[in-house]
Amino acid sequence: MKKLLLIVLITLFYTDNFTAQTINPPKGRIAIVADGNSPDPDDLGGTAISISLIKAAGLEDRLVHYSHSCDLVRDDRISEKAEKERHHLMQVACDMTARRWEGFNHLTFFDAIWQKEETINDLCWAINASTKDNPLWIIEAGEPDIIGMALKKTPKEKHKFVKIITHHPANDNAGDFFSWQQILDFGIEEVRIPDQNIKLKVSLEKWDWAKNHSDSRIQLLWTIGKLAEVDDVVKFQKGKWDCSDAGMILYWITGANVNNGLKQGTVDDVKKILLDYISKNPEKKRGPKKKK
């Protein structure tokens, strides 16, 4: 009888874990505002994993805005030259991941500094399209200023249909033009989850499965995250593979605060979703070029 009870408990445990990984997003669309041009390069890996997770979940048509480099005032800890490199690296992380994982042709990946007006206007369009049955979920993966600027330009009656997912006060409190309280004062819904660095900023070897994978789409993700690790602007990424901001994507695609989303995602959760997709959608083989 004890053995039977143990088997039942183990089965329930694994069922709960599986359920936590089930793709069950809330209704509505998603927008992502990331930095990456700031001293911490973690948005490189976070961007690549976020885009690939959205594709693997079959939700690419619901991603309606993506912007990066939203740290609008350069920090003295990063030089002008290094920041310029980051802008280019973040654009590559966006464009190359989207091209290789496919399905994002409807989207322009904006640089929030170099294309500031276009970035704000694009986010405004997404806010203005929001309704009770089609809300906008904004992933705050960087400073809140671009979000605040878009909210300021849009009708207040739309803000009650906007939800902002955040996981770290370092983002909330880093604005140069808007405080977090000012963002809340627009009347948006704050959706706060635990710090995703806890389980998604890990030692490099925990990503060997991606480094050594035969599919080049998975290898690409590892390469982009490795670029952040070898970056020499900050020291706290050394030996780490960090996609912490993608934890907010895991939370959203598994339900958010509507359908009991995964609040503390792990590398194993990312791995399972991505490899399930890869196994069902093998890499297309390119034949030899035909002679003319």
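In terms of this note's numbering, the sequence shown opens at residue 103 and continues consecutively. All C-beta atoms in this analysis are idealised placements derived from N, C-alpha and C, irrespective of residue type, glycine included.
Between the C-alpha atoms of residue i and residue j, what's the straight-line distance to the nearest angstrom?
i           : j           : result
residue 249 : residue 225 : 8 Å
residue 314 : residue 302 : 19 Å
residue 51  : residue 266 : Residue 51 lies beyond the range of the chain shown here (103 to 394); nothing can be said about it.
residue 256 : residue 176 : 27 Å
residue 132 : residue 376 : 19 Å
residue 364 : residue 283 : 26 Å
residue 109 : residue 232 : Residue placement at residue 109 is poorly supported in this model, since its pLDDT is 46, which falls under 50; the coordinates still yield a value, given next. Between residue 109 and residue 232, the C-alpha separation is close to 47 Å.
residue 263 : residue 316 : 43 Å
residue 420 : residue 200 : Absent from the model: residue 420. The displayed extent of the chain is 103 to 394, so no value can be given.
residue 155 : residue 187 : 25 Å
residue 51  : residue 373 : There is simply no residue 51 to check, as the chain begins at 103 and stops at 394 in what is shown.
residue 114 : residue 353 : Caution is warranted here: a pLDDT of 41 is assigned to residue 114, below 50, making its placement in the model unreliable, and the coordinate value is therefore given only provisionally. The alpha-carbon atoms of residue 114 and residue 353 are separated by roughly 21 Å.
residue 308 : residue 268 : 25 Å
residue 116 : residue 191 : Unreliable placement is indicated for residue 116, whose pLDDT of 42 sits below 50; the coordinate value is still reported in the next sentence. Answer to the nearest angstrom: the Cα atoms are 39 Å apart.
residue 366 : residue 239 : 18 Å
residue 243 : residue 387 : 35 Å
Label residue i either buried or exposed according to how many other C-beta atoms from any shown protein chain fall within 10 Å of its C-beta, with 16 as the threshold for buried.
i           : result
residue 271 : exposed
residue 160 : exposed
residue 338 : exposed
residue 433 : Lying outside 103 to 394, the shown extent of the chain, residue 433 is not represented and no answer is given.
residue 167 : buried
residue 342 : buried
residue 216 : exposed
residue 384 : exposed
residue 111 : With a pLDDT of only 46 at residue 111, under the threshold of 50, the placement of this residue in the model should not be trusted; the figure read from the coordinates follows. Result: exposed.
Give a yes or no on whether the C-beta atoms belonging to residue i and residue j are separated by under 7 Å.
i           : j           : result
residue 335 : residue 180 : yes
residue 260 : residue 203 : no
residue 276 : residue 245 : yes
residue 348 : residue 146 : no
residue 279 : residue 247 : yes
State yes or no: is the beta carbon of residue i nearer than 7 Å to at least one beta carbon in chain B?
i           : result
residue 245 : Among the chains in the structure shown there is no chain B, since it carries only a single protein chain.
Contained beta strand (DSSP E) runs [length at least 3] in the stretch 316-364, N- to C-terminal order:
Counting only runs of 3 or more, we get 342-344.
Is the stretch 122-141 touching the stretch 165-176, taking contact as three or more C-beta pairs under 8 Å? Yes, the stretch 122-141 is in contact with the stretch 165-176.
Count the CB pairs spanning the stretch 289-299 and the stretch 312-332 that are closer than 8 Å, and state whether there are at least three. No, the stretch 289-299 is not in contact with the stretch 312-332.
inquiry  = Quick check for students: name the residue ranges of the alpha helix (DSSP H) that lie wholly in the stretch 213-288, counting only runs of 4 or more.
reply    = The qualifying runs are 218-230, 247-254, 258-261, 271-274, 282-287.
Is it a yes or a no for the stretch 341-359 touching the stretch 210-218, going by three-plus beta-carbon pairs under 8 Å?
Counting Cβ pairs under 8 Å, fewer than three are found: no touch.
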